[in-house]
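A.B. asks: Here you go, one structure.
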Amino acid sequence: MVRVIICGSRNVGRPASDVEGHQVQAEVARSSDERAFVLETLSSLHAEFGFSAIIAGSEGGAERLGSSWAALNNVPLVAFVRERRGFRKETIDERNMRMLSSSRPDRIICFGAGESTERLIASAQKMGVPVKRVEIARLPQRRPPAGKAMTGARA
Numbered sequence: 043m044v045r046v047i048i049c050g051s052r053n054v055g056r057p058a059s060d061v062e063g064h065q066v067q068a069e070v071a072r073s074s075d076e077r078a079f080v081l082e083t084l085s086s087l088h089a090e091f092g093f094s095a096i097i098a099g100s101e102g103g104a105e106r107l108g109s110s111w112a113a114l115n116n117v118p119l120v121a122f123v124r125e126r127r128g129f130r131k132e133t134i135d136e137r138n139m140r141m142l143s144s145s146r147p148d149r150i151i152c153f154g155a156g157e158s159t160e161r162l163i164a165s166a167q168k169m170g171v172p173v174k175r176v177e178i179a180r181l182p183q184r185r186p187p188a189g190k191a192m193t194g195a196r197a
């Protein structure tokens, strides 16, 4: 049995907020396909490794999909929320390092990545924790409608 951290982009399975008009339906379908892909991939990896626990943050995207998969499949979930530190909330990097050091994962499964995820993966690899990166096919980069700037970063 394997304790697994699920991490990755916060945008996995989330529709982009910057689409308009006829693009909305395609974007909703794309995000739905991503969610289904993540859940199916986790089921396949669970059959291969036998997850004893899913370890995930609570920021959304890949983390939230990992938590949802655990609930749907009766696999124990160890959730890490960002803690308050005096007058501030701990950063995602601080939460990730706490999650990595205190949860003792056997493996990390990563769906997409951003800067914080890359730092988590680098730290895990230094500790000898195997990392499986799962690539998610994305639609080609969209251009914003004329006169509109794209909002939000896409990982």
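Just so we're aligned: 181 in this note's numbering is position 139 of the sequence shown, and the numbers increase by one with no gaps anywhere. In this text, a Cβ means the ideal position worked out from N, Cα and C, and glycines have one as well. All values reported here derive from a predicted model rather than from experimental measurement.
1) Have a look at Pro156 and Gly55 and give me their C-alpha separation to the nearest angstrom.
2) Exposed or buried, Gly99, counting other C-beta atoms within 10 Å across all chains shown (16 or more means buried)?
3) What residue from Arg124, Ser94, Glu125, Lys131 has the CA that sits closest to Ala113's CA?
4) Could you pull out every unbroken alpha helix (DSSP H) segment of at least 4 residues lying fully inside the stretch 106–170, listed in chain order?
5) Relative to the C-alpha of Val80, which candidate in Gln167, Pro118, Gly170, Gly154 has its C-alpha closest?
6) So if DSSP puts Arg175 in a beta bridge, which residue, or which two residues, is it bridged to?
7) I'd like to confirm something about Glu101: is its beta-carbon nearer than 7 angstroms to some heavy atom of the ligand NAP, or not?
8) Taking the beta carbon of Ser85 as the centre, do at least 16 other beta carbons fall within 10 Å, making it buried, or is it exposed?
9) Can you name, in chain order, every residue of its own chain whose Cβ lies under 8 angstroms from the Cβ of Val117, other than the five neighbours on each side?
10) Using 10 angstroms around the beta-carbon of Met43, count the other beta-carbons present and answer buried if the total reaches 16, otherwise exposed.
11) How close, in whole Å, do the beta carbons of Val171 and Ile151 come, if the pair is a contact with beta carbons under 8 angstroms?
12) Can you name, in chain order, every residue of its own chain whose Cβ lies under 6 angstroms from the Cβ of Phe91, other than the five neighbours on each side?
13) Do Arg77 and Leu107 have their C-beta atoms within less than 8 angstroms of each other?
C.D. replies: Quick look at the numbers:
1) The residue you asked about is not Pro; residue 156 is Gly in the sequence shown. Approximately 15 angstroms, taken between the alpha carbons.
2) Buried is the label assigned to Gly99, since at least 16 other Cβ atoms lie within 10 Å of its Cβ.
3) Minimum Cα distance to Ala113 is reached at Ser94.
4) Counting whole runs of 4 or more residues, the stretch 106–170 contains the alpha helix (DSSP H) stretches 134–145, 157–168.
5) The option with the nearest alpha carbon to Val80 is Gly154.
6) Under DSSP, the beta-bridge partners assigned to Arg175 are Cys152.
7) With respect to small molecules bound, the structure shown includes none, and the ligand NAP cannot be examined in it.
8) Exposed.
9) Close CB contacts of Val117 within its chain, under the 8 angstroms cut and outside five residues either way in sequence, are with His88, Phe93, Ser94, Ala95, Ile96, Trp111 (chain order).
10) Burial call: exposed.
11) Actually they do not touch by this definition, with Cβ atoms about 11 angstroms apart.
12) Only Val44 meet the Cβ criterion.
13) Their beta carbons are under 8 angstroms apart, which means Arg77 touches Leu107 by this criterion.
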